[in-house]
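Contents: one structure, followed by commentary.
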Amino acid sequence: MKIGLFVPCHVNELAPEVAIATLELLEGYGLTVDYPLAQTCCGQPQFNNGDLKGADRAAGRFAEVFAGYDYIVSPGTSCVSHVGAHTPDALSKTRSRVYELVEFLQDVLKVERLPKPVYFPHKVSLHQSCHGLRLRAHATPSERMLPYQSRLERILALVDGVSVVYPQRRDECCGFGGSFCVDEPEVSVAMGEDRVDGHAATGAEFIVGAEPSCLMHMGGVIRAQDKAIRPLHIALLLTGRGGA
Amino acid sequence: MKDDSIRHPAAAREFLADRERARWHDSAIWWVRQKRDAQMAQLPEWETLRTMAEQIKAHTLSRLDEYLEAFERKAEENGVVVHWAADADEHNRIVHGLLAERGVNKLVKSKSMLTEECGLNPYLEARGVEVIDTDLGERIVQLRHEAPSHIVMPAIHLKKQQISELFERELGTEPGNFDPTYLTHAARANLREHFLSAGAGLTGVNFAIAETGGLVVCTNEGNADLGSALPPLHIACMGLEKLIPRLEHLGVFTRLLARSAIGSPTTTYTSHFHKPRPGGELHVVIVDNGRSEILGREDFYQSLRCIRCGACMNTCPVYRRSSGYSYSYIIPGPIGSTLGPSRDIRKHASMAFACTTCASCDNVCPVRIPLSEQLVAQRARAWQTGALPAGKRAAIGALGVLTRHPALFALAGKTLRKVFPILPAGLAQDNPYSRPGRALPEMPAQSFREWWLQNRKKP
Numbered sequence: 001m002k003i004g005l006f007v008p009c010h011v012n013e014l015a016p017e018v019a020i021a022t023l024e025l026l027e028g029y030g031l032t033v034d035y036p037l038a039q040t041c042c043g044q045p046q047f048n049n050g051d052l053k054g055a056d057r058a059a060g061r062f063a064e065v066f067a068g069y070d071y072i073v074s075p076g077t078s079c080v081s082h083v084g085a086h087t088p089d090a091l092s093k094t095r096s097r098v099y100e101l102v103e104f105l106q107d108v109l110k111v112e113r114l115p116k117p118v119y120f121p122h123k124v125s126l127h128q129s130c131h132g133l134r135l136r137a138h139a140t141p142s143e144r145m146l147p148y149q150s151r152l153e154r155i156l157a158l159v160d161g162v163s164v165v166y167p168q169r170r171d172e173c174c175g176f177g178g179s180f181c182v183d184e185p186e187v188s189v190a191m192g193e194d195r196v197d198g199h200a201a202t203g204a205e206f207i208v209g210a211e212p213s214c215l216m217h218m219g220g221v222i223r224a225q226d227k228a229i230r231p232l233h234i235a236l237l238l239t240g241r242g243g244a
Numbered sequence: 001m002k003d004d005s006i007r008h009p010a011a012a013r014e015f016l017a018d019r020e021r022a023r024w025h026d027s028a029i030w031w032v033r034q035k036r037d038a039q040m041a042q043l044p045e046w047e048t049l050r051t052m053a054e055q056i057k058a059h060t061l062s063r064l065d066e067y068l069e070a071f072e073r074k075a076e077e078n079g080v081v082v083h084w085a086a087d088a089d090e091h092n093r094i095v096h097g098l099l100a101e102r103g104v105n106k107l108v109k110s111k112s113m114l115t116e117e118c119g120l121n122p123y124l125e126a127r128g129v130e131v132i133d134t135d136l137g138e139r140i141v142q143l144r145h146e147a148p149s150h151i152v153m154p155a156i157h158l159k160k161q162q163i164s165e166l167f168e169r170e171l172g173t174e175p176g177n178f179d180p181t182y183l184t185h186a187a188r189a190n191l192r193e194h195f196l197s198a199g200a201g202l203t204g205v206n207f208a209i210a211e212t213g214g215l216v217v218c219t220n221e222g223n224a225d226l227g228s229a230l231p232p233l234h235i236a237c238m239g240l241e242k243l244i245p246r247l248e249h250l251g252v253f254t255r256l257l258a259r260s261a262i263g264s265p266t267t268t269y270t271s272h273f274h275k276p277r278p279g280g281e282l283h284v285v286i287v288d289n290g291r292s293e294i295l296g297r298e299d300f301y302q303s304l305r306c307i308r309c310g311a312c313m314n315t316c317p318v319y320r321r322s323s324g325y326s327y328s329y330i331i332p333g334p335i336g337s338t339l340g341p342s343r344d345i346r347k348h349a350s351m352a353f354a355c356t357t358c359a360s361c362d363n364v365c366p367v368r369i370p371l372s373e374q375l376v377a378q379r380a381r382a383w384q385t386g387a388l389p390a391g392k393r394a395a396i397g398a399l400g401v402l403t404r405h406p407a408l409f410a411l412a413g414k415t416l417r418k419v420f421p422i423l424p425a426g427l428a429q430d431n432p433y434s435r436p437g438r439a440l441p442e443m444p445a446q447s448f449r450e451w452w453l454q455n456r457k458k459p
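Quick note, the sequences are listed as chains R and P, same order.
The first sequence finishes on residue 244 if you use the UniProt record's numbering, and the numbering steps up by one all the way, no holes.
The second sequence finishes on residue 459 if you use the UniProt record's numbering, and the numbering steps up by one all the way, no holes.
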């Protein structure tokens with residue numbers, strides 16, 4: 001099984017530890033993981049700003065760079081949702097091979113344990129990132145009348161000692177939104193504040209999620225306002241890097 | 001009428017300057033979203049209903065010409081006079097003509113977003129017709145000379161204190177009496193006078209049934225019923241997308257509408273109009289005003305399924321934190337952000353970007369319009385027509401170049417990461433990301449790529 005690690009741009013530059021943890025986690029299951037150095041951007045910023053040609057060019061590049069791999073795995077739900085849903089139909093083979101980390105662990109590896117046991121005796125407030133939630137079915141959105149399920153809850157069941165809670169307004173957006181956060185900075189900050197306050201009100205020590213950009217955005221609010229709660233990507237938690 | 005030179009980010013900044021009021025606005029509307037969720041939870045068949053509603057509307061739109069003609073035939077058989085208006089101006093001329101021919105100088109109106117869209121009130125007022133909005137929320141914004149800030153709850157942006165002050169000035173209510181029941185009774189007494197003295201009543205239309213030629217109007221205040229039952233002339237104005245094929249389809253929509261809109265099992269009044277009252281007249285004005293153009297656009301025709309419930313606004317985290325007045329089009333929020341740009345992409349481009357693509361609106365929409373996709377598709381139109389700000393276009397263009405050159409891409413990332421920490425604090429704050437309340441991310445010493453090259457790269 002050849003696995004290509006897809007590291008979204010913002011993770012590469014701003015949260016390298018999340019990519020390292022992802023790599024370690026996959027290797028912990030005995031897999032060989034390669035990081036193709038020619039990878040750049042998946043094209044989501046172009047797509048979301050209306051540059052469809054630019055987005056298609058980026059998608060075409062993405063497909064070439066990852067052509068030789070059986071699976072493309074990434075610690076980011078948003079870029080994966082873009083590649084999975086918004087790339088040209090001609091790239092359907094790429095679309096079907098791209099997985100967010102937790103999806104890959106659950107749907108391909110069907111893991112029932114973590115490579116190394118993790119004891120994490122903390123309360124964590126789950127952040128259901130919008131694209132994972134609503135475009136990748138990571139959980140049942142609160143707007144839908146469908147049977148309840150949650151990927152993140154299922155994977156956290158493999159961690160000892162952790163207790164999972166949700167903020168009020170279980171799945172409201174944190175306000176990151178890619179270029180939205182610079183186009184609409186005031187709304188973005190207001191949404192971020194409300195989201196951080198919601199998570200903090202649960203009494204949790206950590207905000208845990210699978211999308212690094214949301215966690216980065218909320219982290220910015222937390223640092224600026226000196227809050228106690230900490231964002232934590234699920235790959236860090238699953239490799240025992242929770243800290244505290 | 002609404003000021004369509006508004007740009008969402010600037011208007012939202014202004015709205016959020018009063019953070020306490022913005023929080024209140026957000027909670028008041030979230031409360032309606034929660035009521036909607038509670039209603040949904042009582043109907044195990046909710047998702048089936050949504051799919052049925054989507055399919056009925058999709059089918060109707062695919063044969064809209066046939067259903068419109070069938071409706072016209074049946075309505076005329078029933079004694080209803082059917083008028084066709086190609087645009088807002090023709091709609092306004094028809095309504096004014098009907099009033100002028102009968103010497104009507106006072107019109108009572110129930111809620112109609114279509115007449116807001118057409119600018120009917122100022123058109124009639126300029127021609128000497130007194131127009132009284134009779135929906136309580138609409139009456140409030142009319143007295144304040146404002147546009148509705150929400151399509152179902154037009155005055156949701158106002159607190160009861162502000163309404164008390166307005167009514168004290170306009171209706172002579174007691175100073176300092178904020179009691180909602182007291183204020184509602186005052187409005188009611190005032191509106192009764194108008195209902196009794198008006199020469200015509202105008203209503204919107206929620207559903208028009210091709211099979212029967214019937215019109216269905218849903219309200220919670222009974223104002224459409226008084227307005228259509230007291231004056232001798234009833235004018236009903238509808239967009240041409242309001243058709244449904246048969247009466248048996250109506251239940252699907254009435255079960256979804258009030259639950260989605262305000263979290264009630266049904267609207268208080270669901271009134272069916274088939275023919276004029278004895279001695280009265282019933283006219284229906286069917287308006288295109290850009291709708292057939294939307295119908296012809298593959299990416300956007302689905303927006304014509306909309307039944308104007310406003311659920312997308314109530315769930316939208318951006319709408320709740322920026323209010324309807326931050327949007328340049330008369331219909332705000334997610335649905336307005338596809339309808340507005342469909343009408344004029346240059347004027348309304350900023351609406352398409354007032355969205356994080358969280359897609360919650362897609363999930364609450366009772367007719368399953370893929371709203372978040374439509375907004376992104378409107379951004380593509382903004383890109384193609386040059387309606388994008390130059391800086392944004394340049395930044396996305398630059399990203400495109402970097403995307404094709406991995407080494408440059410890595411260098412650009414590294415440069416940003418290294419430069420930010422050494423900038424003087426003031427300069428580091430001077431960027432589009434930094435705002436009070438949010439700090440830039442901490443910049444790691446090494447990117448993942450650099451780490452990989454150092455630790456894992458096979459020779």
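Ideal Cβ positions, reconstructed from N, Cα and C, are used throughout, including at glycine.
Note that this is a predicted model, so its numbers are computed, not measured.
Quiz item: Smallest Cα separation from PHE6(R): which of PHE104(R), VAL111(R), LEU135(R), ALA137(R)?
Solution: One-based indexing of the first sequence puts residue 6(R) at position 6. Closest by alpha carbon: PHE104(R).
Quiz prompt | Beta-carbon proximity check, VAL124(R) vs GLU100(R), cutoff 8 Å | solution = Counting from one through the first sequence, the residue named residue 124(R) turns up at place 124. Counting from one through the first sequence, the residue named residue 100(R) turns up at place 100. Going by C-beta atoms, VAL124(R) is not nearer than 8 Å to GLU100(R).
Exercise. Please state whether DSSP places SER264(P) in a helix, a strand or coil.
Key: Indexing the second sequence from 1 puts residue 264(P) at position 264. The answer is coil: DSSP assigns SER264(P) none of H, G, I, E or B.
Quiz item: Any idea if TYR119(R) is buried or exposed, counting beta-carbon neighbours within 10 angstroms, 16 or more meaning buried?
Solution: To locate residue 119(R), count along the first sequence from 1; it is residue 119. By the neighbour-count criterion, in which 16 or more other beta carbons inside 10 Å mark a residue as buried, TYR119(R) falls on the exposed side.
Quiz item: Going along chain P in order, which residues have a C-beta closer than 8 Å to the C-beta of ARG134(R)?
Solution: On the first sequence, position 134 is the one that residue 134(R) refers to. Contact note: ARG134(R) reaches chain P through CYS358, ALA359, SER360, ASP362, ASN363, using a C-beta cutoff of 8 Å and chain order.
Quiz prompt | Cut-off 6 Å between Cβ atoms - residues of its own chain near SER322(P), not counting five sequence neighbours on either side | solution = Translated into the one-based positions of the second sequence, residue 322(P) becomes position 322. Non-local beta-carbon contacts of SER322(P) in its own chain, meaning distances under 6 Å to residues more than five positions away in sequence, involve ALA12, PHE15 in chain order.
Self-check item: Residue of GLN34(P), TYR433(P), ILE151(P), ARG188(P) minimising C-alpha distance to LEU136(P)
Solution: Locating residue 136(P) in the second sequence gives position 136, counting from the first residue. When each option's Cα is compared against that of LEU136(P), the closest is ARG188(P).
Self-check item: Beta bridge counterpart(s) of PHE420(P) as assigned by DSSP
Solution: Position 420 of the second sequence, counted from the start, is the residue given in the question as residue 420(P). PHE420(P) is not bridged to any residue.
Quiz item: Do you know offhand how far LEU114(R)'s Cα is from HIS82(R)'s?
Solution: Here residue 114(R) corresponds to residue number 114 of the first sequence, with the count starting at 1. Here residue 82(R) corresponds to residue number 82 of the first sequence, with the count starting at 1. One C-alpha to the other measures close to 28 Å.
Quiz item: Apart from the five residues just before and just after ALA352(P), which ones in its own chain have a Cβ nearer than 7 Å to its Cβ?
Solution: Position 352 of the second sequence, counted from the start, is the residue given in the question as residue 352(P). Answer for ALA352(P): SER337, PRO341, LEU375, GLN378, ARG379, ALA382, listed in chain order.
Self-check item: Nearest-angstrom Cβ-Cβ length linking THR60(P) and ILE244(P), presumed shorter than 8 Å
Solution: Within the second sequence, the letter at position 60 stands for residue 60(P). Within the second sequence, the letter at position 244 stands for residue 244(P). About 6 Å separates the beta carbons of THR60(P) and ILE244(P), which is inside the 8 Å limit, making them a contact pair.
Practice problem: For the segment 10-21 of chain R and the segment 226-235 of chain R, state whether three or more C-beta atom pairs, one from each stretch, are separated by less than 8 Å. | Solution: Yes, they touch.
Exercise. Would you please state the rounded distance, in angstroms, between the beta carbons of ALA58(R) and GLN46(R)? I believe it to be under 8 Å.
Key: Residue mapping note: residue 58(R) aligns to position 58 of the first sequence, counting from 1. Residue mapping note: residue 46(R) aligns to position 46 of the first sequence, counting from 1. Confirmed, Cβ separation roughly 6 Å.
Quiz item: How would you call HIS238(P), buried or exposed, if buried means at least 16 neighbouring beta carbons within 10 angstroms?
Solution: Within the second sequence, the letter at position 238 stands for residue 238(P). It should be noted that the sequence gives Met, not His, for residue 238(P). When all chains shown are included, MET238(P) counts as buried.
Exercise. Closer than 7 Å by beta-carbon distance: list the chain P residues that pair up with ALA19(R), in chain order.
Key: Working through the first sequence from its first residue, we reach residue 19(R) at position 19. The contacting residues are PHE448.
Quiz item: For the beta strand (DSSP E) that contains SER74(R), what are its first and last residues?
Solution: Locating residue 74(R) in the first sequence gives position 74, where the first residue counts as 1. Taken as a continuous stretch (DSSP letters only), the beta strand (DSSP E) holding SER74(R) covers 71-74.
Practice problem: Say whether chain P places a C-beta atom closer than 8 Å to the C-beta of CYS173(R). | Solution: Residue 173(R) sits at position 173 when you count from the first residue of the first sequence. Yes, CYS173(R) lies at the interface with chain P (some Cβ there is under 8 Å from its Cβ).
Exercise. Note down the Cα distance separating VAL129(P) from LEU143(P), rounded to an integer number of angstroms.
Key: Working through the second sequence from its first residue, we reach residue 129(P) at position 129. Working through the second sequence from its first residue, we reach residue 143(P) at position 143. VAL129(P) and LEU143(P): Cα-Cα distance of roughly 16 Å.
Quiz item: Do ARG134(R) and VAL102(R) have their C-beta atoms within less than 8 Å of each other?
Solution: Here residue 134(R) refers to the residue found at position 134 of the first sequence. Here residue 102(R) refers to the residue found at position 102 of the first sequence. Not closer than 8 Å, so no.
Quiz prompt | Given residue 485(P) as reference, the closest of GLN55(P), LEU240(P), GLU221(P) once Cα atoms are compared | solution = The question about residue 485(P) has no answer here: the residues shown for chain P are numbered 1 through 459.
Quiz item: If contact means a Cβ-Cβ distance below 8 Å, which residues of the segment 174-199 of chain R contact chain P?
Solution: Against chain P - using a Cβ distance shorter than 8 Å - the residues of the segment 174-199 of chain R are GLY175, PHE176, GLY177, GLY178, SER179, PHE180, CYS181, VAL182, ASP183, GLU184, PRO185, GLU186, VAL187, SER188, VAL189, ALA190, MET191, GLY192, GLU193, ASP194.
Practice problem: Could you tell me which of ALA41(P), CYS365(P), PHE409(P) sits nearest to ARG449(P), measuring between CA atoms? | Solution: Here the question's residue 449(P) lines up with position 449 in the second sequence. With distances taken between Cα atoms, ARG449(P) lies closest to PHE409(P).
Quiz item: Taking Cβ-Cβ distances shorter than 8 Å, what residues in chain R pair up with GLY336(P)?
Solution: To locate residue 336(P), count along the second sequence from 1; it is residue 336. By Cβ distance, chain R contributes nothing, its closest Cβ being about 16 Å from GLY336(P), past 8 Å.
Quiz prompt | For LEU124(P) and ILE140(P), believed in contact at Cβ under 8 Å, the rounded distance | solution = Counted from its first residue, the second sequence places residue 140(P) at position 140. Counted from its first residue, the second sequence places residue 124(P) at position 124. Beta-carbon to beta-carbon, ILE140(P) and LEU124(P) are separated by about 20 Å, too far to satisfy the 8 Å threshold.
Exercise. Determine the burial state of SER92(R): buried for a count of at least 16 other Cβ atoms within 10 Å of its Cβ, exposed for fewer.
Key: If you number the first sequence from 1, residue 92(R) lands on position 92. Looking at its Cβ environment, which holds fewer than 16 other Cβ atoms inside 10 Å, SER92(R) is exposed.
Exercise. Quick one: measure Cβ to Cβ for CYS118(P) and ASN92(P), integer angstroms, because I've assumed they're closer than 8 Å.
Key: Position 118 of the second sequence, counted from the first residue, corresponds to residue 118(P). Position 92 of the second sequence, counted from the first residue, corresponds to residue 92(P). Between CYS118(P) and ASN92(P), the beta carbon gap of about 6 Å places them in contact (Cβ cut-off 8 Å).
Exercise. Please state if the CB of PRO141(R) and the CB of ASN363(P) are separated by a distance shorter than 8 Å.
Key: The residue given as residue 363(P) occupies position 363 in the second sequence. The residue given as residue 141(R) occupies position 141 in the first sequence. Yes.
Practice problem: Could you tell me which residues DSSP puts in a beta bridge with LEU233(P)? | Solution: Translated into positions along the second sequence, residue 233(P) becomes position 233. Under DSSP, LEU233(P) forms a beta bridge with ALA200(P), GLU281(P).
Exercise. Verify whether the separation of the beta carbon atoms of HIS274(P) and GLY176(P) is less than 8 Å.
Key: For the purposes of this step, residue 274(P) is identified with residue 274 of the second sequence, where counting begins at 1. For the purposes of this step, residue 176(P) is identified with residue 176 of the second sequence, where counting begins at 1. Contact: no.
Quiz prompt | LEU5(R) in three-state terms, based on DSSP | solution = Along the first sequence, one-based indexing puts residue 5(R) at 5. Secondary structure at LEU5(R): strand, using DSSP grouped into helix, strand and coil.
Quiz item: From GLY437(P) to GLU186(R), what does the alpha carbon distance come to, in whole angstroms?
Solution: The sequence position of residue 437(P) within the second sequence is 437, counting from 1. The sequence position of residue 186(R) within the first sequence is 186, counting from 1. For the pair GLY437(P) and GLU186(R), the Cα-to-Cα distance works out to about 9 Å.
Self-check item: 7 Å Cβ cut-off: residues of chain R touching MET40(P)
Solution: Within the second sequence, the letter at position 40 stands for residue 40(P). Using a Cβ-Cβ cut-off of 7 Å, MET40(P) is close to MET145 of chain R, given in chain order.
Quiz item: Among residues of its own chain, excluding the 5 on either side of CYS173(R), which ones have a beta-carbon nearer than 7 Å to its beta-carbon?
Solution: As a first step, residue 173(R) is located in the first sequence; it is residue number 173 there, counting from the start. Only residues of its own chain outside the window of five on either side were considered, and among them CYS130, MET191 have a CB closer than 7 Å to the CB of CYS173(R), listed in chain order.
Quiz prompt | chain P contact for THR32(R) (CB, 8 Å cutoff) | solution = What you label residue 32(R) is simply residue 32 of the first sequence in a count that begins at 1. With its beta carbon at least 8 Å from every one in chain P, THR32(R) lies outside the interface.
Quiz item: Expressed to the nearest angstrom, what Euclidean distance is found between the alpha-carbon atoms of LEU440(P) and SER188(R)?
Solution: By one-based count along the second sequence, residue 440(P) stands at place 440. By one-based count along the first sequence, residue 188(R) stands at place 188. Each residue's alpha carbon lies about 13 Å from the other.
Self-check item: Residue closest to LYS111(P), alpha-carbon to alpha-carbon, out of PRO154(P), VAL82(P), PHE71(P)
Solution: Against the second sequence, residue 111(P) aligns to sequence position 111. With distances taken between Cα atoms, LYS111(P) lies closest to PRO154(P).
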